[in-house]
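Novice: Protein chains in written order, with this note's numbering: chain A, 1 to 296; chain B, 1001 to 1296; chain C, 2001 to 2296; chain D, 3001 to 3296. Backbone N, C-alpha and C fix where the C-beta goes; we use that ideal spot for every residue, glycine too. Values in this document were obtained by computation on a predicted structure and should not be read as measured data. Have a look at this one before I ask anything.
Number of protein chains: 4
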Amino acid sequence: MRIGVIGLGNMGAGMAANLIKAGHDVTVYNRSRAKVDELAAVGARPADSVSDACRGEVVLTMLANDDAVTAVTFGDGGIIGSAGQDTVHISSSTISIGLSKHLAEAHAAAGHKFVSAPVFGRPEAAAAAALFVVTAGASDTVAAMTPVFDAIGQRTFVVSEDPSAANLVKLSGNFLIGSVIESLGEAMALVDRGGVDKHQYLDILTSTLFSAPVYKTYGGLIASEQFEPAGFAAPLGHKDIGLVLAAAEELRVPLPIASLLRDRFLRLLASGGDHLDWSAVGSLAARDAAASDHSA
Amino acid sequence: MRIGVIGLGNMGAGMAANLIKAGHDVTVYNRSRAKVDELAAVGARPADSVSDACRGEVVLTMLANDDAVTAVTFGDGGIIGSAGQDTVHISSSTISIGLSKHLAEAHAAAGHKFVSAPVFGRPEAAAAAALFVVTAGASDTVAAMTPVFDAIGQRTFVVSEDPSAANLVKLSGNFLIGSVIESLGEAMALVDRGGVDKHQYLDILTSTLFSAPVYKTYGGLIASEQFEPAGFAAPLGHKDIGLVLAAAEELRVPLPIASLLRDRFLRLLASGGDHLDWSAVGSLAARDAAASDHSA
Amino acid sequence: MRIGVIGLGNMGAGMAANLIKAGHDVTVYNRSRAKVDELAAVGARPADSVSDACRGEVVLTMLANDDAVTAVTFGDGGIIGSAGQDTVHISSSTISIGLSKHLAEAHAAAGHKFVSAPVFGRPEAAAAAALFVVTAGASDTVAAMTPVFDAIGQRTFVVSEDPSAANLVKLSGNFLIGSVIESLGEAMALVDRGGVDKHQYLDILTSTLFSAPVYKTYGGLIASEQFEPAGFAAPLGHKDIGLVLAAAEELRVPLPIASLLRDRFLRLLASGGDHLDWSAVGSLAARDAAASDHSA
Amino acid sequence: MRIGVIGLGNMGAGMAANLIKAGHDVTVYNRSRAKVDELAAVGARPADSVSDACRGEVVLTMLANDDAVTAVTFGDGGIIGSAGQDTVHISSSTISIGLSKHLAEAHAAAGHKFVSAPVFGRPEAAAAAALFVVTAGASDTVAAMTPVFDAIGQRTFVVSEDPSAANLVKLSGNFLIGSVIESLGEAMALVDRGGVDKHQYLDILTSTLFSAPVYKTYGGLIASEQFEPAGFAAPLGHKDIGLVLAAAEELRVPLPIASLLRDRFLRLLASGGDHLDWSAVGSLAARDAAASDHSA
């Protein structure tokens, strides 16, 4: 397929490379040119503008946030104005369900097709074509995009005909990670005050009931209090929890842990935590606890 | 070793059987006689009273709660008055850190030794000698008990010289499970309102970042809203969260998610949930949310 | 002064009438004409459009929410395009601090002056010229508006040179009322379960430390469980708590009780409470509690 | 009446003095002798022991907490063993509903009568016979105690035949004060960051909807950040919130604001706040917020 990829950050670059490897004809665009050249070196066609990346049957966007997706889609020379009839826009960014619905409507009005396909996985998984793809949209369009999903991921989940449902799943996943961070932060503050070594404690947890990668990764960061450099920065976590709460607002679902997380992120940012990894939220419980005896 | 085992519930019976298999000389006591006879049939010496089970070098208790352990230890004919000098009391029950400290002091005063050794694992793991043992106490005593731990579990973690630290680890583990239940309950209420199938959602979660058994087990119960029969009843969950908060009170550690869980359990019990599995706490978020469109 | 008043609801109508009584030359506009005619009967000049109400030195808006103020100010024929140089726009509506800042900038760019002047008090106080006016803006402009404030209120508080500070005070006041509702709801649920009559309990409270009107008014509604007709409907309370949280977001202030209130309102609305008074939030604690013994 | 008064702290001393002024024959006991002598100088009979204070028809206790009341009642030479048949024990201390029930049972078994009569009001009100008395117990006994209540307070509320109901009302009152402290702390943190002066803000609040003394008193302390010397120390506030939650546990009433307050007090104490007034809980929201622009 002829595919345009817009957004060549850590995630998008890996996805584009894998689309090339799978034999697709891939055009790439990025705001800063260096990334474009890197991909061109492995077989991509470089694009000088968003509109240049909209000439194929598919345009896939992998960008940082709502603002970036909005600019690329609705701005001058954006996808809405540049893409041909029946072009499929696959949006893989973590965006609000509000924007997802707006994209679906605008593309329908412009004669395009729209599919949401956010992914679970870190940059290494993107590079290894091992992402998990959660997708939603009109079933025939989604089915037609199978070769794209197969090229970038290890497994694809089709969750709904409504594209925004896939975004909701992605956001809720980040909420669950946030919940793990906060609960581990509380548990570690508690056992630390009781004289238990935090690393050994984490070893017990991850050897038993909590063997999931998310416990190992974030538990290790919290136990070591090592929040720099940020793998996923606190303002991004804050933003995603805000998007979860916005979705909950629209769907009228009270989410007490999400509300707690919002306050935790505000506090972290208010105390200068903008540059820290979002797992630093897991250090706040310890900050509020009595100094541990054994550290005296 | 000559070992008395007191408490032959689903957990204790399996542990006693494995001690016998490992070649120990095991005497068993239980409030109701039937369990004693079952174990006698596989090689245990039956005891008619707590004191009869206190004749060996070790007495291991595996009971339901603080009250049961208190009665067996401090009551008439209890362990304190019946055990000989240097007898080791291994307490595997999930009890408060307050009682654990009290046991340590009382046994020291009586010339006994005391080790806490709560376990992670369900009855099947107890039967298969596959428990995870978390233990704490004087290091030489703990070291001397290695044959006991090896007989009942697959791995032993020694966490502190202070026996109550092991109880704290156990309680904090139940707190983390409670956090998983609540967070899954919130996430599922949200995506369900957004039109996503809850079972498919759980499949996505457990295929990706949340592969731990605890997500599979409790997520499945919440998705199916199947809270009977109770594997671990709501009042027990409520009690354990209460013990976590009591420990947090003593150690002065604010735990907002634990506070939330306490209120959730109170609500569940207030609405008649005594007979439900504790994962029913994960149904409360959905109860508060707007009826989902797709269920209309 | 020549003053245009836009928005003749329960509050605005009383304010306009008092401006007339105080001798000002008042032009009135309202979306539905009936209110205009009522005011015309007591001396107001009727206006057929927003722009007709923008011919004086002052235009005062008293509208339901951000959308209404936005439409009246920035819409076709709105205040921005219609008002003359140096016209003062007094905004008395309960609006977001974001909109307040936007209004200040837009009016400055258009050569107008802008003052925020939200009020505390119910329709009866508006009718009696007994409102409390909280105002903020450039000090000379605020000072020049003294005759307006004196005509509608019993006391004026000048809080800042930044107009949005007055909106923040107003919003925070509604947050505090919400806190009273929730805390009274919890306390009444508790004593009710303990066998104490809720009305007598409220009498004790308001005879002693809690003599403020807000306890009497809302406590009475909660004790009687009388939430219809709505004096201030739940969706408006929900909206205001949302505006408080939006301000807290911008200023980076974690507000745990506000977060709780947000979830309470979502739950109330999700269970069909749109038509109820916002004090119905105070009935949720009782809903979660065990049925009281004495009501059995 | 012949009345023994046990506990001559700031509250009890004033109550005893007023009983003397009202013409009663008052015997006083206190752990430290100085207070006894002060009261003796104004007409009290000094007692050397608790039992000496139990010779009359009534013994009134006004002590710091459950432990003190337990010691005085059940200890060697305590009220249970010393008081004659039909003696009335009036307990005015702020105690748990659990202890209140225990006292009622023990006194009934010993042939005594028991009435709870906690009071609202500070030491100045106790000195001025201006307390509010909340009482519960068998109606004839309560009625017979009217002269006592009239001597110490300005108004008496009879709430139940169950003595513990009066304790519940008292505890819930302290919970409501705690709610005011927390909500004011949040609101002031918010408006302060928005550039509003906290004292002026409080003036606005207390001039309008929040005219109750509790807002003036605690709001002033929070605005001034003046938490020493402690009028009511943080550990006492913490203890009372604990008693509220214990009551809520027994009655199965989830109380989210009380749970929040418990965590707030733990945090305050963990950071060295034992010597501060309990209103220092109202400073925590500001601690978590971004530094305000205007303080830079």
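(1) Could you check where the alpha helix (DSSP H) with residue 221(A) kicks off and where it finishes?
(2) Looking at C-alpha atoms only, which residue of 1173(B), 1092(B), 1075(B) is the closest neighbour of residue 1015(B)?
(3) Measure the C-alpha to C-alpha separation of residue 1012(B) and residue 1106(B) and round it to an integer number of angstroms.
(4) State yes or no: is the beta carbon of residue 1045(B) nearer than 7 Å to at least one beta carbon in chain D?
(5) Using a Cβ-Cβ cutoff of 9 Å, what residues of the region 1273-1288 of chain B are near chain A? List them in chain order.
(6) Mind listing the chain A neighbours of residue 3267(D)? Cutoff is C-beta to C-beta under 7 Å, in chain order.
(7) With a floor of 4 residues, list each alpha helix (DSSP H) that falls wholly inside the region 3008-3092 of chain D, ordered by position along the chain.
(8) Do residue 2073(C) and residue 2053(C) have their C-beta atoms within less than 7 Å of each other?
(9) So for residue 6(A), helix, strand or coil by DSSP?
(10) When you compare each of 21(A), 244(A), 215(A), 205(A) to residue 1208(B) by their alpha carbons, which one comes out closest?
(11) Mind listing the chain D neighbours of residue 2193(C)? Cutoff is C-beta to C-beta under 8 Å, in chain order.
(12) Give the residues of chain B in contact with residue 2017(C), contact being defined as C-beta atoms less than 7 Å apart.
(13) Write down the C-beta distance between residue 4(A) and residue 20(A) rounded to the nearest angstrom, noting that I regard them as a contact closer than 8 Å.
(14) Given 8 Å as the limit, is there contact between the region 1141-1152 of chain B and the region 1166-1186 of chain B, that is, 3 or more CB pairs closer than that?
(15) Give the secondary structure of residue 130(A) by DSSP, where H, G and I count as helix, E and B as strand, and everything else as coil.
(16) Tell me, please, whether the region 246-264 of chain A touches the region 2254-2265 of chain C by the rule of three or more beta-carbon pairs shorter than 8 Å.
(17) Comparing the C-beta of residue 256(A) with each C-beta of chain C, is any distance below 7 Å?
(18) I want to verify the contact list: residues of chain D whose CB lies under 8 Å from the CB of residue 2213(C), in sequence order.
(19) Find the residues of chain B that neighbour residue 177(A), judging by a C-beta separation of less than 8 Å, and give them in chain order.
(20) Verify the CB distance criterion: does residue 3270(D) have a CB-CB separation below 7 Å to chain A?
(21) For residue 3088(D), I'd like the list of residues in its chain whose CB is within less than 8 Å of its CB, leaving aside the five on either flank, ordered along the chain.
(22) Can you name the start and end residues of the beta strand (DSSP E) that residue 3155(D) belongs to?
(23) Does the separation of the CB atoms of residue 2152(C) and residue 2187(C) fall below 7 Å?
(24) For the region 179-190 of chain A, which residues have a beta carbon sitting closer than 7 Å to at least one beta carbon of chain B?
(25) Alpha carbon to alpha carbon, how far is residue 1253(B) from residue 1247(B)?
(26) Look at the alpha carbon of residue 165(A) and the alpha carbon of residue 1220(B), and state the distance between them as a whole number of angstroms.
(27) Quick check: the Cα distance between residue 1280(B) and residue 159(A), rounded to an integer number of angstroms?
(28) If we cut at 7 Å on Cβ distances, does residue 1263(B) have a partner in chain D?
(29) With a cut-off of 7 Å, does the C-beta of residue 2259(C) fall near any C-beta of chain A?
(30) Okay, do the region 266-278 of chain A and the region 224-239 of chain A touch, 3+ Cβ pairs below 8 Å being the bar?
(31) Can you check whether the C-beta of residue 295(A) is within less than 7 Å of a C-beta belonging to chain D?
(32) Just grab the DSSP bridge partners of residue 1164(B) for me.
(33) Which residues bound the beta strand (DSSP E) around residue 2116(C)?
(34) Does the distance from the C-beta atom of residue 2095(C) to that of residue 2133(C) stay below 7 Å?
(35) For residue 274(A), which beta-bridge partners are listed by DSSP?
(36) Does any residue of chain C bring its CB to less than 7 Å from the CB of residue 3160(D)?
Specialist: So, from the data block:
(1) Locating residue 221(A) in the first sequence gives position 221, where the first residue counts as 1. Run containing residue 221(A): 213-224, per the alpha helix (DSSP H) assignment.
(2) As a working mapping, residue 1015(B) is identified with position 15 in the second sequence. Its Cα nearest to that of residue 1015(B), the residue 1092(B) stands out among 1173(B), 1092(B), 1075(B).
(3) Position 12 of the second sequence, counted from the first residue, corresponds to residue 1012(B). Position 106 of the second sequence, counted from the first residue, corresponds to residue 1106(B). So the alpha carbons of these two residues sit roughly 24 Å apart.
(4) Position 45 of the second sequence, counted from the first residue, corresponds to residue 1045(B). Not an interface residue.
(5) Listed by position along the chain: 1285, 1286, 1288.
(6) Residue numbering aside, residue 3267(D) sits at position 267 when the fourth sequence is read from its first letter. Those within 7 Å of residue 3267(D) in chain A are 288.
(7) As for any alpha helix (DSSP H) of minimum length 4 sitting wholly inside the region 3008-3092 of chain D, the runs are 3010-3021, 3033-3040, 3066-3074, 3079-3082, ordered along the chain.
(8) Position 73 of the third sequence, counted from the first residue, corresponds to residue 2073(C). Position 53 of the third sequence, counted from the first residue, corresponds to residue 2053(C). No.
(9) By one-based count along the first sequence, residue 6(A) stands at place 6. For residue 6(A), the three-state secondary structure derived from DSSP is strand.
(10) For the purposes of this step, residue 1208(B) is taken as the residue at position 208 of the second sequence. Of the candidates 21(A), 244(A), 215(A), 205(A), the one whose C-alpha sits nearest the C-alpha of residue 1208(B) is 215(A).
(11) Within the third sequence, numbered from 1, the residue matching residue 2193(C) stands at position 193. Going along chain D in sequence order, the residues near residue 2193(C) (Cβ under 8 Å) are 3251, 3252, 3253.
(12) As a working mapping, residue 2017(C) is identified with position 17 in the third sequence. In chain order: nothing, as chain B lies at least about 41 Å away.
(13) Working through the first sequence from its first residue, we reach residue 4(A) at position 4. Working through the first sequence from its first residue, we reach residue 20(A) at position 20. Their Cβ separation, rounded to whole angstroms, is 13 Å, which puts residue 4(A) and residue 20(A) out of contact at 8 Å.
(14) no
(15) Here residue 130(A) refers to the residue found at position 130 of the first sequence. DSSP places residue 130(A) in coil when its eight states are reduced to three.
(16) Yes: at least three Cβ pairs fall under 8 Å.
(17) Residue 256(A) sits at position 256 when you count from the first residue of the first sequence. Yes, contact with chain C.
(18) Position 213 of the third sequence, counting from 1, holds the residue named residue 2213(C). Within 8 Å Cβ-Cβ: 3209, 3211.
(19) Residue numbering aside, residue 177(A) sits at position 177 when the first sequence is read from its first letter. Within 8 Å Cβ-Cβ: 1209.
(20) By one-based count along the fourth sequence, residue 3270(D) stands at place 270. Yes, residue 3270(D) lies at the interface with chain A (some Cβ there is under 7 Å from its Cβ).
(21) Taking the fourth sequence and counting its residues from 1, one reaches residue 3088(D) at position 88. So the list reads 3057, 3058, 3059, 3112, 3113, 3114, 3115, 3141, 3144, 3145, once near-sequence residues are dropped.
(22) Within the fourth sequence, the letter at position 155 stands for residue 3155(D). For residue 3155(D), the enclosing beta strand (DSSP E) stretches over residues 3153-3160.
(23) Position 152 of the third sequence holds residue 2152(C). Position 187 of the third sequence holds residue 2187(C). Residue 2152(C) is not a Cβ neighbour of residue 2187(C), given a cutoff of 7 Å.
(24) 179, 182, 183, 186, 187, 189, 190
(25) The residue labelled residue 1253(B) in the question sits at position 253 within the second sequence. The residue labelled residue 1247(B) in the question sits at position 247 within the second sequence. Between residue 1253(B) and residue 1247(B), the C-alpha separation is close to 8 Å.
(26) Reading the first sequence from its first residue, position 165 is the one you call residue 165(A). Reading the second sequence from its first residue, position 220 is the one you call residue 1220(B). In a straight line, the C-alpha of residue 165(A) is about 21 Å away from that of residue 1220(B).
(27) Start at 1 with the first residue of the second sequence, and residue 1280(B) comes out as number 280. Start at 1 with the first residue of the first sequence, and residue 159(A) comes out as number 159. Looking at the two C-alpha atoms, the distance is approximately 25 Å.
(28) Against the second sequence, residue 1263(B) aligns to sequence position 263. Interface residue, yes.
(29) As a first step, residue 2259(C) must be located in the third sequence, where it is residue number 259. Yes, residue 2259(C) counts as interfacial toward chain A.
(30) yes
(31) Counting from one through the first sequence, the residue named residue 295(A) turns up at place 295. Note on residue 295(A): pLDDT 42, under 50, position unreliable in the model; the coordinate value appears next. Put simply, the CB of residue 295(A) is far from chain D, with every gap to its CB atoms at 7 Å or more.
(32) Start at 1 with the first residue of the second sequence, and residue 1164(B) comes out as number 164. Beta-bridge pairing links residue 1164(B) to no other residue.
(33) Your numbering for residue 2116(C) matches position 116 in the third sequence. First-last of the beta strand (DSSP E) with residue 2116(C): 2113-2116.
(34) Looking up residue 2095(C) in the third sequence gives position 95. Looking up residue 2133(C) in the third sequence gives position 133. Not a contact, by the Cβ cut-off of 7 Å.
(35) What you label residue 274(A) is simply residue 274 of the first sequence in a count that begins at 1. Paired residue(s): none; residue 274(A) is not in a bridge.
(36) The residue labelled residue 3160(D) in the question sits at position 160 within the fourth sequence. Interface residue, yes.
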